[in-house]
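Residue numbers (numbering that gives the first Met the number 0), protein chains in the order written: chain F, 0 to 784; chain H, 0 to 299.
Yeah, the Cβ is synthetic: ideal placement off N, Cα and C, and Gly gets one too.
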Amino acid sequence: MTERILRLRQKSITTQPYVSSERAQLLTEFYKKHLRENTSPPVTRALAFKYILEHKEIFIDDGELIVGERGPGPRGAPTYPELCCHTLQDLDILNSRKKTRFQVSDDARKTYETIIIPFWQGKTLREKLFNAMSEKWKDAFHAGIFTEFMEQRSPGHAIMDDKIYHKGLLQFKEEITRSRAQLDPKNDPQAQHKEQELRAMDIAADALISFARRHAEKARELMKTERDETRKTELATIAQICAHVPAQSPRNFWEALQMYWFIHLGVITELNVWDSFNPGRLDVNLYPFFKKDLADGSLTKESAVELLQCFWIKFNNQPAPPKVGVTEEQSATYQDFSLINTGGILKDGSDAVNELSFLILDVLEEMHMMMPSTCVQLSKYNPEDFLLQAVRVVKKGFGQPSFFNTDAIIQEFLRAGKTLRDARQGGPSGCVTISAFGKESCTLTGYMNWPKILEIALHDGKDPNTGIQLGTQTGDPQNFDNFGDLLEVYKKQLRYFVDLKIEGNSIIERLYAEHMPAPFMSLLTDDCISRGKDYHDGGPRYNVTYIQGVGMGTITDALSAIQYLVYDHKMLTMDDLLRALDTNFADDERVRQILLNVPPKYGNDDDYVDALARAVFDAYFEVLDGRDNTKGDKYRVNLLPTTAHIYFGQMTGATANGRKAGEPLSDGVSPSQGADHNGPTAVIKSVAKIDHLKTGGTLLNQKFLPDLLKDEAGLCNLAHLIRAYFRLNGHHIQFNVIDAQTLRDAQEYPDKYRDLIVRVAGYSDYFVDLGKDLQNEIISRTEQS
Amino acid sequence: MEGLIFDIKKYAIHDGPGIRTTIFLKGCPLHCPWCHNPEGIKPQPEIMLSPERCIHCEQCLHACERGALQRRSDVIALNREKCDRCGVCLDVCCSRAIEQVGRHITVEQAAEEIERDRVFYEESGGGVTLSGGEPLMQPQFTRALLKDCKKKGIHTVLDTCGYADPEILQEVSEFVDLFLFDVKIMDDEKHKHYTGVSNQQIFYNLRTLSENGKTIHIRIPIIPGITDDEGNIHMVGTFLAPLQHIDKISLLPYHRAWLMKHRKIKASNEPWIADTPSPVSLTRIQEVLETCRLNTSIGG
């Protein structure tokens, strides 16, 4: 690592994230002073975007090679009051909370008090959203049945494909002009609407070009006072690059990275999109530049690495903007889920691994940072040495890279109606959900708490926590004749809540389409330009919506306990069981021990219980898959939690697998913490019994003791384990290679372990930054030894 | 046909090549005081106590008709002389504080368990390992199971102490792809003293396997104070050097993790308590073996 990288990396890691009121202030200024009456929503949004980019502070740090920040400097997080206007109380909480803290300066607080809050309160999308939801929806939301992604952040999960490496924004503008010219107001009733949308895209393209040119000016300005000749030359190059991209397509490796970075900044400045934005297939997209530059001598491997490292730091400089309330609970992390893909296959179906794929793994290993996340797309066509290199990085113990099954993903895409060509160029977006890169709005709308729904089913539709009738009345479980009855009742309640959530989603989708168009993200996503439609309004070629199922292991084990003990072996009555659950086992430790120890548990390759995992999965699939959203596409199933398994655990009473009230649920499709005792192959066999090909993503966490990877044979066997899981059509697997003792020590002495990064759920985070519940949950995961 | 086993370990990656399923057969003719699987020595099921799991529901005390279970200052205790292993306490214990080590399993059941991880064997070049205890103490079960695996194309490893009737070994070895063979103490008196049996039979079997072209992976337990002296190691080296078909020699350093298991089953032999061999002493042992032109690795 060069001195430059050491310094920039250190700054990125140690700077306390802070709230910047700059964006909120500029936005307010624009709406107050510059917005003309009767401007259409897309054009309003585009003009606001342009105003922000033309007036925000331009920052180029000493030594930086890739330039541009979303805030005024590294780790400065802007706010988006048009979506969610933080109250003063919110700001005080952000400033004082122990985890994912954001420093709020007195000035920022004052700006909020005097300018931001008075203007935006009552006008935000968040308020519109909650006003539009039914009482039933709100009851379920507050009870922790589901969460709502769009209440503070906007739909995103977008991934860039290769087009920005072939054409600059000026060419995008030409396409916009052509599309406008083809509008047919006489025959197309939407023509006027499309005209506004396209005009907005055009403005947004100009906005980013001028933002880049301001960086060129800034670089030239810095040159005047720069004494170091080397740095002066670098600044001159930066000035040239920023004058060229993103208006024109990049000509070399450095320009390609800067091109992406400007595009990235544009997307995350326009709106507070979920999962920020993703570079996608970095190795494939950059390889032609890399090869050409190496050949003509303008680039060395060392300088390529340094540029990539500068690029890496840029991601880590952008913490996820501050979240509050339930949104914070379900995603309590600075991580903003930018995911870099390596490996996989090319458009023609052949092996995509190249020299850069390896180089990216080296950079990942050396940088050892929380962001960006890096994943390996692994196809049967990819060579073993690439997989082994990736496994060597896994051994370092910070949970990266994660592994995705390219061959399964292609089948998942095809099942969901994508073309083979688009499928081959797609992959995972931020967490584990797949998206057709550059062509899809894949929208995750909220987590669904399966164990809570079982709890409701066992209480005739009531939440035992509050006594509120949340679900439908399905009868007293003591009158169920057999296990099948119970399963049917669970399905009824599940259908009810999925219906309720979709009803809400349909309203929310229209709210975003109408009030919050995103012309900049739209112009990047095929086929928004040719359709003249917004990203939020069905403009993209694909528009899949997800509601993420949570608590697979917990509910499966709970159902197994009920089937085994109450119905099959009559060791407990339903009455005994319910009393024990309702009292949180206060006088029933013996019952709890029976629940924990006697019935079969998911994750041990035991067909008795794994059949129930399938039943739970199939039930969800049946009520959700193929339902219509408002954008002309369908709902699909995916199974991941971020940190919702902690929040949902807090909202869920004792469960029949012996889990006490308030304790975390299982994560992703992983077994319940500590329930799997037959080793990783048994976990994989169990998990592979659900049909991953019918999903848009599942998440499997495994914790390995470092001893298992101590030698080359250990590494090879981990590689074989991944290959075997993928042969069984598993979607994704990730590893923590660390022992519980180290984690406990880190809990006790956080200062000694500031740099300890662990895998949480589809992303990595600093262990000491996690809430205590989540820390404990990770410690309690089974260690494969 | 049934065998008595005490564990099935999946993702076993130190018992032969690739990802394996290791089946531990119960019963061993040797009683080495350092044995890391003390629960594998007796050829019968045993009761194992884990007092730290006990929730003091006392159901077992009431259930035991022979009064073999008692509560001694808050900890459950078993009088093994009174216990007739009827298993009533196992049925009532809800917290797995009382468990039975050792269960009977048919060849078909064992084969089904092995088959479950076939995809991992295929991806990794792994397979099944029979270990123990001593698998050759249950020759019919061992042979039938190995034969079944070979019929299904699964790679087989036999982990043995080598103390067996040569005819039995001959019959089984037909279905073994790789032997993991322990070599412990060269001095026969010392061998008898610690393990309870002579080493003559063992070394005869090892030579025979080698002469018959079987692939062998030698494992030398490094037990401070028993096997690690230079004299013993040098004799081991001299003995191994001329043997053919030795694909690998591993040193297995003593560690203490097994002592807890020893306590839980109250094994009858006195455990050998020592420190884990230091890297320096392991290197020294490797050097001694190198003088016999033998390359060794540590662990696995």
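query	result
Contact between the stretch 368–376 of chain F and the stretch 649–660 of chain F (3+ Cβ pairs under 8 Å)	no
Beta-carbon separation (whole angstroms), ALA579/F vs ASP587/F, contact threshold 8 Å	4 Å
Meets three-Cβ-pair contact criterion under 8 Å: the stretch 285–304 of chain F and the stretch 185–193 of chain F	no
CB-CB length for LEU755/F against ILE312/F, believed under 8 Å	LEU755/F to ILE312/F, Cβ: 19 Å. No contact.
Neighbour flag for CYS93/H against chain F, beta carbons, 7 Å	yes
Short Cβ contact (7 Å threshold) for VAL390/F with ALA718/F	yes
Residues from the stretch 676–703 of chain F in contact with chain H, defined by Cβ distance under 7 Å	ASN677, GLY678, PRO679, THR680, ALA681 and LYS684
Collapsed DSSP secondary structure at ILE177/H in the structure displayed	Note that residue 177/H is Leu in the sequence shown here, rather than Ile. Three-state DSSP puts LEU177/H in a strand.
Inter-residue Cα distance where the pair is SER197/H and ASP164/H	13 Å
Completely contained alpha helix (DSSP H) runs for the stretch 474–550 of chain F, where each covers 4 or more residues	482–514, 518–523 and 527–530
Simplified DSSP assignment, three categories, for GLN783/F	strand
Amino acids of chain H, ordered along the chain, whose beta-carbon sits closer than 9 Å to that of LEU720/F	TYR10, ILE18, PHE119, GLU122 and SER123
Three-way DSSP call (helix, strand, coil) for VAL716/F in this model	Here residue 716/F is Asn; the residue named in the question, Val, does not match the sequence. In this structure, ASN716/F counts as helix in the three-state DSSP scheme.
Sequence-distant residues of the same chain with beta carbon closer than 7 Å to LYS149/H, five excluded per side	THR155 and PHE174
Close Cβ partners of MET234/H (< 6 Å) along its chain, the five nearest in sequence each way excluded	MET185
Segment limits, beta strand (DSSP E) that includes LEU300/H	The structure shown does not extend to residue 300/H, since chain H spans only 0 to 299, so no value can be given for it.
C-alpha distance - PHE397/F paired with GLY343/F, whole-angstrom precision	22 Å
Partner residues on chain F for ARG70/H, Cβ-Cβ distance less than 7 Å	Simply none; closest approach about 16 Å.
Straight-line Cα distance separating GLN649/F from VAL42/F	43 Å
Residues near PRO450/F in its chain [Cβ-Cβ closer than 6 Å; skip 5 each side]	GLY550, THR553, ILE554, THR651, THR654 and LEU664
C-alpha gap between TYR607/F and ASN448/F, whole angstroms	23 Å
Three-state secondary structure (DSSP) of GLU80/H	coil
Contacts that GLN592/F makes with chain H (C-beta to C-beta distance below 7 Å)	ILE54, CYS93 and SER94
8 Å contact criterion, which LEU251/H and ILE217/H should meet: CB distance rounded	LEU251/H to ILE217/H, Cβ: 10 Å. No contact.
Collapsed DSSP secondary structure at CYS31/H in the structure displayed	coil
Which of helix, strand or coil DSSP assigns to GLN243/H	coil
When ILE4/H, LYS8/H and GLU1/H are compared against SER784/F, the one with the closest alpha-carbon	LYS8/H
Contact set between ALA723/F and chain H, taken where Cβ atoms lie within less than 7 Å	VAL118, PHE119 and GLU122
Chain-order list of residues whose beta-carbon lies under 8 Å from that of THR141/H (same chain, five-residue window excluded)	GLY2, LEU24, LEU129, PRO134, LEU135, LEU157 and VAL171
Three-state secondary structure (DSSP) of ALA206/F	helix
Span of the alpha helix (DSSP H) around ILE359/F	354–366
Distance between LEU46/F and ALA557/F (C-alpha atoms, nearest Å)	53 Å
Minimum C-alpha distance to GLU57/H - residue among ILE683/F, ARG589/F, ASP744/F and GLY503/F	ARG589/F
Where PRO596/F meets chain H, residues with beta-carbon distance less than 8 Å	The sequence given here places Asn at residue 596/F; Pro does not occur at that position. Neighbours of ASN596/F on chain H, chain order: CYS93, SER94 and ARG95.
ARG115/H at chain F interface by Cβ criterion, 7 Å	yes
Spatial neighbours of HIS514/F in its chain, beta-carbon cut-off 8 Å, leaving aside the 5 residues before and after	PRO40, LEU124 and LYS127
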